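For the sequence shown, our numbering begins at -11 and goes up steadily by one. Ideal Cβ positions, reconstructed from N, Cα and C, are used throughout, including at glycine. Note that the coordinates shown come from a computational prediction; the quantities given were computed from them, not determined experimentally. Right, one structure below, let's go through it.
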Amino acid sequence: MKTRRHFLKNASFAFLGFNQLTYNKPSLDFNFDLEDFAKVKNDETLFKLVRKSLLVPEDMVYLNTGSLGPSSRVIVDKVSAAMRELESNPVGNNWGSLGNKMEAVRQKVADFIGAEEEEIILTRNTTEGINLAGSCLQLKQGDEILTTNHEHGGGENGLEYLVKNKGAVIKKIEMPLPVQSPEQIIQLVRDEISSRTKVLMLSHVSTITGMRMPFKEIAAITRPRNILLIADGAQAPGQIQVNVKDLGVDLYACSGHKWILGPKETGFLYIRKEVQNQIQPVFSQGSYKSYSAASGTRNVATIIGLGETLDWQQTIGTEKIETRCLSLAQYCAKQLKEMEGFKIISPSDPSMATGMLSILLDQAENKVIYEKMKEQNIIIKLLPKYNAFRFSFHMFNTKADVDKMVSALKLLL
Ligand SMILES: Cc1ncc(COP(=O)(O)O)c(C=O)c1O
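The following block contains the structure:
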């Protein structure tokens, strides 16, 4: 009996030991750190390195960063190192070394989007950012909120709360498919604004078509009328360069886990200094710091990981990333234009195009094609409201990914 118990004990230790060994193993054969990316001078080699640093299997064509972006294993390792440090002395580190690193992330976010630290609240995602802002807007019965029929539910929710609780009215601009020019959308906004409009909420990059909203020109319409301009930025930072001051928006909400390629459940909300007296989310009562009595204990490891990811993107070069995303989407669009059976609904005007492309199918059923693509390890986004798909091209994607997806689509159609 003693022998058997002894054997079981040893076996379970061996098992635990094995797990421990596996867990401790350095990330596969990848030994690069953040600063090593800066040393690569050739862009193709750099983007190959980024691809190699992902945990997405090599044979998977991942074209859905718009839903969730894959983090580099360099970031995953940084997050797990922070988690381990935290667990070695939870209170001491949470309100000590790690807490300080977490608080420094607000400045990193501010630098990334051209804001000031005092204008940034760290959130869990875009939805939370818009909900925080939405739930404290001072609206009266009959005040109008203008938006479009292309917004994501994450953004719309905060507005619907205002309809239910304050009697506000939502008006939606019907977006053309595709939008032809910035002037077209600017005119639509101008036509729909009335003396009752108090809020305008638009996506910076559309979740449906990838269209980049001409915010600067729109802010020139809203600012003199005291209309609060809210940007849903879920699909923008990380693929296009963003400067909130240039855009002229009052609020800007974003997630860290899409194009920024950061840890999941990270995000931020920018509130322009001049409107902070009107918008006071309970979450930021007293302070915009990451940890406050109002916001409570946070996940320091993932927030630190967000900061590391922003540093990493800047090391690579945000302009370089934007050019890469756009050029892959254009390479894809060129091939799609020669095919039949669908219509491209993303704008072709270069000032509105991004690294996202969507197509509306004529007859074939999107769900069927989506499943067949998945069987071939090609991950795309199904747009359930339309018989459509969306393809997201990030810096880690390649022309070979585009070719593989296009050939599969050709055969399936
Ligand atoms: C435009 C837009 N807003 C908001 C969201 C919601 O993002 P999250 O779930 O990170 O809050 C998405 C997600 O795809 C989106 O595309």
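With burial defined as no fewer than 16 other Cβ atoms inside 10 Å of the residue's Cβ, what is the status of residue i: buried or exposed?
i: T135; result: buried
i: D350; result: exposed
i: M327; result: exposed
i: R178; result: exposed
i: D238; result: buried
i: P372; result: exposed
i: P338; result: exposed
i: V67; result: buried
i: K387; result: exposed
i: H(-6); result: Caution is warranted here: a pLDDT of 47 is assigned to H(-6), below 50, making its placement in the model unreliable, and the coordinate value is therefore given only provisionally. The residue in question, H(-6), is exposed, as its Cβ has fewer than 16 Cβ neighbours within 10 Å.
i: S334; result: buried
i: V79; result: exposed
i: T285; result: exposed
i: S272; result: buried
i: A376; result: buried
i: E132; result: buried
Pick out whichever of the options has its Cα sitting closest to the Cα of residue i.
i: G57; options: G226, E144, V187; result: G226
i: S123; options: H245, N81, I267; result: I267
i: N19; options: L127, N30, E32, L42; result: L42
i: I101; options: A388, G146, Q302; result: Q302
i: L110; options: N231, D337, L294, I173; result: L294
i: S182; options: N214, E171, S169, V193; result: N214
i: T33; options: I304, F377, K360; result: I304
i: G83; options: P166, V288, F271, Q318; result: In the sequence as presented, Gly is not what sits at residue 83; that position holds Trp. Of P166, V288, F271, Q318, the residue nearest in Cα terms is V288.
i: V270; options: S315, S283, S395, L397; result: S283
i: S395; options: L324, L370, N354; result: L324
i: Y374; options: M71, K152, A352; result: A352
i: A321; options: I332, C313, R312; result: I332
i: R72; options: L165, V62, K29, L86; result: L86
i: W300; options: A376, S59, K159; result: S59
i: I291; options: H245, L316, E307; result: H245
i: F330; options: T342, S336, N354; result: N354
i: R112; options: S243, F377, E296, L176; result: S243
i: I357; options: D389, M393, M340, I309; result: M393
i: D65; options: K308, E296, F377; result: E296
i: R39; options: G155, K398, D389; result: D389
i: G143; options: Y240, L74, E105; result: Y240
i: I63; options: L298, A317, S336; result: L298
i: Y149; options: I161, E162, Q129, P166; result: Q129
i: G274; options: A376, K27, E106, E262; result: E106
i: V157; options: L188, M163, L217; result: L188
i: P45; options: D31, R61, L216; result: R61
i: A341; options: V263, P166, L235; result: P166
i: K261; options: I209, E23, Y276; result: Y276
i: C313; options: N30, V28, L22, F35; result: F35
i: R378; options: V263, K398, G141, T53; result: T53
i: L399; options: K360, L370, F256; result: K360
i: L190; options: L397, L147, K154; result: L147
i: V230; options: L397, D24, H192, I206; result: H192
i: S55; options: I196, I259, S336; result: I196
i: V232; options: L22, A103, N88; result: A103
i: I228; options: A26, N153, T306; result: T306
For residue i, write down the residues that DSSP places opposite it in a beta bridge.
i: I218; result: M189, L239
i: I133; result: I158, V187
i: F256; result: L110, C242
i: K36; result: DSSP, once it has assigned bridges, lists no residue as partnering K36.
i: S380; result: M344
i: V394; result: Partner(s): none; V394 has no beta bridge.
i: R200; result: V193
i: L42; result: S60
i: R371; result: In the sequence as presented, Arg is not what sits at residue 371; that position holds Leu. DSSP output for L371 lists A376 as bridge partner(s).
i: I366; result: V49
i: I228; result: P225
Does the Cβ of residue i lie closer than 6 angstroms to at least one heavy atom of ligand 2?
i: H140; result: Because ligand 2 does not appear in the structure shown, any question about it cannot be addressed here, the ligands present being ligand 1.
Just checking: is the beta-carbon of residue i within a distance shorter than 7 angstroms of some beta-carbon in chain B?
i: L316; result: Annotation note: the requested chain B is absent from the structure, which comprises a single protein chain.
| task | Determine contact between the stretch 119 to 138 and the stretch 340 to 354, defined as no fewer than three beta-carbon pairs at a distance below 8 angstroms. | result | At 8 angstroms Cβ cutoff, the stretches do not touch.
| Are the stretch 117 to 132 and the stretch 210 to 227 in contact at 8 angstroms, needing three or more beta carbon pairs? | Taking 8 angstroms as the limit for Cβ pairs, the verdict is that the stretch 210 to 227 does touch the stretch 117 to 132.
| Do the stretch 363 to 373 and the stretch 46 to 56 touch if we need at least three Cβ pairs shorter than 8 angstroms? | Short answer: they touch.
| said: Between the stretch 86 to 96 and the stretch 375 to 395, can you find at least three pairs of beta-carbon atoms closer than 8 angstroms? | reply: Contact between the stretch 375 to 395 and the stretch 86 to 96 is absent, because fewer than three Cβ pairs lie under 8 angstroms.
| message | List, from N- to C-terminal side, the alpha helix (DSSP H) runs of 4 residues or more that fit wholly inside the stretch 281 to 359. | response | Runs found: 288 to 304, 306 to 325.
| said: If we require 4 or more residues per run, which alpha helix (DSSP H) segments fall completely within the stretch 47 to 90? | reply: Whole alpha helix (DSSP H) segments, 4+ residues: 61 to 76, 78 to 82.
| message | Measuring CB atoms only, is the stretch 182 to 192 touching the stretch 272 to 282, in the sense that at least three cross pairs come out at less than 8 angstroms? | response | They do not touch, by the three-pair rule.
| query | How do the stretch 164 to 179 and the stretch 251 to 267 stand: do at least 3 beta-carbon pairs fall below 8 angstroms, yes or no? | reply | Taking a cut-off of 8 angstroms on C-beta distances, the stretch 164 to 179 does not touch the stretch 251 to 267, as fewer than three cross pairs fall below it.
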